[in-house]
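Here the structure is laid out as structure tokens; the discussion comes afterwards.
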Amino acid sequence: MENFRLEKLRALQERARAGGGQERVNRQHAQGKMTARERLAKLLDPDTFSELQPLSVLHEDSIAGDGVVTGYGELDGRAVFVYAQDFTVYGGSVSLTHARKITQVQEMALRNGAPIIGLVDSGGARIQEGILALQGYGEIFRLNAMASGVIPQISVILGPCAGGASYSPALTDFIIMTDKSSMMYITGPDVVQSVTGEEVDHENLGGAAVHATVSGVAHFVAPDENISLSLVRQLLSYLPSNNVESPPYLPSSDDPQRTAEVLNTLVPEDPNTPYDMHEVLAHVVDRSSFFEVQAGWAQNAIVGFARMDGQPVGLVCQQPLMMAGAIDINASDKISRFVRFCDAFNLPLITFVDSPGFLPGVAQEHGGIIRHGAKIIYAYVEATVPKISVVTRKGYGGAYIVMGSKSLGADLHLGWPSAEIAVMGPEGATKILHRRELAEAEDPDALRRTLTDAYRETHANPYRPSEYGILDNVIEPAQTRPVLIRALRALREQVRHIPPKKHGVMPA
Ligand code: HXC
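Mapping of the sequence shown onto the numbering used here: position 507 corresponds to residue 508, and the numbering continues sequentially without gaps.
Here it is, written out as structure tokens:
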């Protein structure tokens, strides 16, 4: 190649790398934000990034790259496809060219069975381009939906993500938001005020804290960009690159036979005294391997990834410390979506059950707890991965059934000696069964206590369901880890089928 040709190439590359110019880069840095290329360098293994189409839209009145840096690289040695919106170029706004750079990597990720990671920092549709930008967004959404359940899709929100643009991250599997500097909403504060009269700022409308604790839109929130990007690596360490691979095994130094005596006394004698389900998990999974998803939202349920003797699993539990572990609308959504994700990506499911029931009340009924709660059933039944459930204490009524019970197809259904499995709680059952006797009793409180204890003794224990073969075994809590690891080994090659269909119609 002649030298002058090389010079031209280098000049073009230089211009592409400059993005929207030093002034805008400085502005980005002043806000504690990195540029698109800096973020990709932080995200990926060193020296693995290859850019695609850095020279797109290279003409006098436009800036190279068109506001998005796309390409592929490696993360812990595994191929990933990436895009990072460049806020210094037209505010990272989406033109048709910009969108097609994104859909190109979406298509490549799908064809190659590799995860796609989007780093979002954008003013939305490129206003001066008009309808073409909308066409571009629609094409991105279409590929998001097509890739769902085939390859992991992760969105990291590092700046604005406003309007319909939010639907791309919403269609992906996980949303990571950076506290303070990111925001997601369908309609911005100005529109909200003009339509509803409510005065609200960006942060209160759709900041990371709101989406991590109130709306449930975000799965993870990080204090800064570095941590947001490192969460992607942590998350992918539990996931296969696609739906036909197994999740990555990591050799574990934790003894698979390790027992935990402390679990034998963790569940309090008094059924109304709570305990922390996180403690159960800490004593069961490989040390320090639990990675909680949506930790700040619907905290009456706990979902997350962990390893058992090095093999990734999905965990679904109640948290008795929150609302006594009752299942409400948000917990239903959190659990059902996580179960479906684990099933799509071949992660065995381990469920720990301690729920007194579905949350009663007008707000829950009017909010549609019926259709939301039904999703948990749907998700567990549809799941063909190994399913193991352990009832640690309360398993009452519908809440018992939905949490991966034997009737829904659990491969292994276990109880601790503290398990209380029955149609309804002893207090409620006693009131209904003995209403007349209680009304006529001289000392109704004493009688109620006696009858409640008798009910608990007869009905609310793990031995009745064991007699009927509903529980596969009652285990000593201390043995939970070795018991589960042995089961996971036995079930590893399991093949299950659901009837052929185009797709089911999940309650929503
Ligand atoms: C073109 C845009 C842009 C956009 C920002 N810019 N948004 N250019 N189209 N949508 C440009 C600005 O002109 C500016 O250019 C640069 O990006 C940085 O923007 P600032 O406003 O200076 O930055 P900041 O103060 O940080 O504010 C960021 C912002 C704000 C909150 C995102 O720019 C904003 O509100 N933008 C408009 C958002 C919006 O309404 N988008 C369209 C929504 S409709 P210079 O040259 O000065 O650096 C939509 C529909 C999607 O997205 C539907 C999908 C189905």
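For each residue, glycine too, the CB sits at the ideal point set by N, CA and C.
Problem - For Gly505, three-class secondary structure by DSSP - result: Three-state result, Gly505: coil.
Exercise for the section: Work out the CA separation of Gln154 and Glu108 for me, nearest whole Å. Expected result: Approximately 12 Å between the Cα atoms of the pair.
Exercise for the section: Check whether the Cβ of Arg487 lies closer than 7 Å to any heavy atom of ligand 1, and answer yes or no. Expected result: The answer is no for Arg487.
Practice task
Pull up the distance between the alpha-carbon of Asp46 and that of Glu39, whole angstroms please.
Solution key: Those two C-alpha atoms are separated by around 13 Å.
Practice task
Would you give the residue range spanned by the beta strand (DSSP E) that Phe221 belongs to?
Solution key: From DSSP, the beta strand (DSSP E) with Phe221 extends over Phe221 to Ala223.
Practice task
State yes or no: is the C-beta of Arg338 nearer than 7 Å to some heavy atom of ligand 1?
Solution key: Flag unset: Cβ of Arg338 not near ligand 1.
Handout entry: Completely contained alpha helix (DSSP H) runs for the stretch 89 to 120, where each covers 4 or more residues
Key = Here the runs fully enclosed are 97 to 113.
Handout entry: Reference Ala296, options Asn265, Ile389 and Phe175, closest by Cα
Key = Of the candidates Asn265, Ile389 and Phe175, the one whose C-alpha sits nearest the C-alpha of Ala296 is Phe175.
Handout entry: Ile187, DSSP secondary structure in three states
Key = In the structure shown, the three-state DSSP call for Ile187 is coil.
Practice task
Compute the minimum distance between the beta carbon of Ile389 and the heavy atoms of ligand 1, and state whether it is under 7 Å.
Solution key: No, since every heavy atom of ligand 1 falls outside the 7 Å radius drawn around the Cβ of Ile389.
Handout entry: Cβ-Cβ distance between Ser1 and Glu130 below 8 Å
Key = Given a span of 2 to 509 for the chain in the structure shown, any question on residue 1 remains unanswerable.
Exercise for the section: For Ala479, verify whether its CB is less than 7 Å away from any heavy atom of ligand 1. Expected result: Ala479: no, Cβ never under 7 Å from ligand 1.
Problem - Classification of Met507 by the beta-carbon crowding that lies within 10 angstroms, buried from 16 upward - result: Met507 comes out exposed.
Handout entry: Best match in Ile64, Lys376 and Leu230 for proximity to Asp180 [C-alpha to C-alpha]
Key = Asp180 has its Cα closest to that of Leu230, out of Ile64, Lys376 and Leu230.
Handout entry: Own chain residues within Cβ distance below 6 Å of Gln258, not counting five before or after
Key = Only Pro483 meet the Cβ criterion.
Problem - Alpha-carbon spacing of Arg28 relative to Cys318, whole angstroms - result: If you take the alpha carbons of Arg28 and Cys318, they lie about 44 Å apart.
Problem - Span separating the alpha-carbon of Leu159 from that of Val121 - result: Taking the straight line from one Cα to the other gives about 6 Å.
Problem - Entirely enclosed alpha helix (DSSP H) segments - the stretch 449 to 508, minimum 4 residues - result: Segments of the alpha helix (DSSP H) lying fully in the stretch 449 to 508: 464 to 468 and 481 to 492.
Handout entry: Stretch-stretch touch, CB-based, cutoff 8 Å, three pairs: the stretch 246 to 264 with the stretch 308 to 318
Key = Pairwise C-beta distances place the stretch 246 to 264 in contact with the stretch 308 to 318, as three or more of them are shorter than 8 Å.
Practice task
Apply the 10 Å Cβ neighbour rule to Ala440 and answer buried if 16 or more other Cβ atoms are within range, or exposed otherwise.
Solution key: By the neighbour-count rule (16 or more Cβ atoms within 10 Å), Ala440 is not buried but exposed.
Handout entry: Leu264: first and last residue of the uninterrupted beta strand (DSSP E) it sits in
Key = No beta strand (DSSP E) holds Leu264; DSSP gives it neither H nor E.
Handout entry: Counted within 10 angstroms of its Cβ, other Cβ atoms place Ala364 as buried (16 or more) or exposed
Key = Label assigned to Ala364: exposed.
Exercise for the section: Confirm the yes/no value for this check: CB of Pro161, any heavy atom of ligand 1, distance under 7 Å. Expected result: Taken from the Cβ of Pro161, at least one heavy atom of ligand 1 lies inside 7 Å.
Practice task
Have a look at Ala302 and Ala146 and give me their C-alpha separation to the nearest angstrom.
Solution key: Distance between the alpha carbons of Ala302 and Ala146 is about 27 Å.
Handout entry: Where the alpha helix (DSSP H) containing Glu75 begins and where it ends
Key = First-last for Glu75: Val69 to Leu76, but that is the beta strand (DSSP E), not the alpha helix (DSSP H).
Exercise for the section: Using three-state DSSP, classify Pro161 as helix, strand or coil. Expected result: Three-state result, Pro161: strand.
Problem - Closer than 7 Å: Ala146 CB and nearest ligand 1 heavy atom - result: No, Cβ of Ala146 sits at least 7 Å from all heavy atoms of ligand 1.
Practice task
Can you say whether Ile422 is buried or exposed, counting buried as having 16 or more other CB atoms within 10 angstroms of its CB?
Solution key: Per the 10 Å Cβ criterion, buried.
Exercise for the section: Look up Met35 in the DSSP assignment and say whether it is helix, strand or coil. Expected result: Looking at Met35 - three-state DSSP - the assignment turns out to be coil, as it is neither helix nor strand.
Problem - Arg127, DSSP secondary structure in three states - result: Three-state result, Arg127: coil.
Practice task
Confirm the yes/no value for this check: CB of Ser94, any heavy atom of ligand 2, distance under 7 Å.
Solution key: As presented, the structure is devoid of ligand 2, carrying ligand 1 as its sole ligands.
Problem - Residue of Leu236, Asp329, Ala166 and Gly405 minimising C-alpha distance to Leu135 - result: Per the Cα distances, Ala166.
Problem - Buried/exposed call for Ala400, threshold 16 Cβ in 10 Å - result: By the neighbour-count criterion, in which a residue is buried when 16 or more other Cβ atoms sit within 10 angstroms of its Cβ, Ala400 is buried.
Handout entry: Local Cβ density within 10 Å of Asn331, reported as buried at 16 or more and exposed below that
Key = Asn331 counts as buried, since at least 16 other C-beta atoms from the protein chains shown sit within 10 angstroms of its C-beta.
Exercise for the section: Report yes if the C-beta distance between Leu41 and Val70 is below 8 Å; otherwise report no. Expected result: Against a cut-off of 8 Å, the Cβ pair of Val70 and Leu41 comes out as a contact.
Handout entry: Segment limits, beta strand (DSSP E) that includes Val304
Key = First-last of the beta strand (DSSP E) with Val304: Ala302 to Met309.
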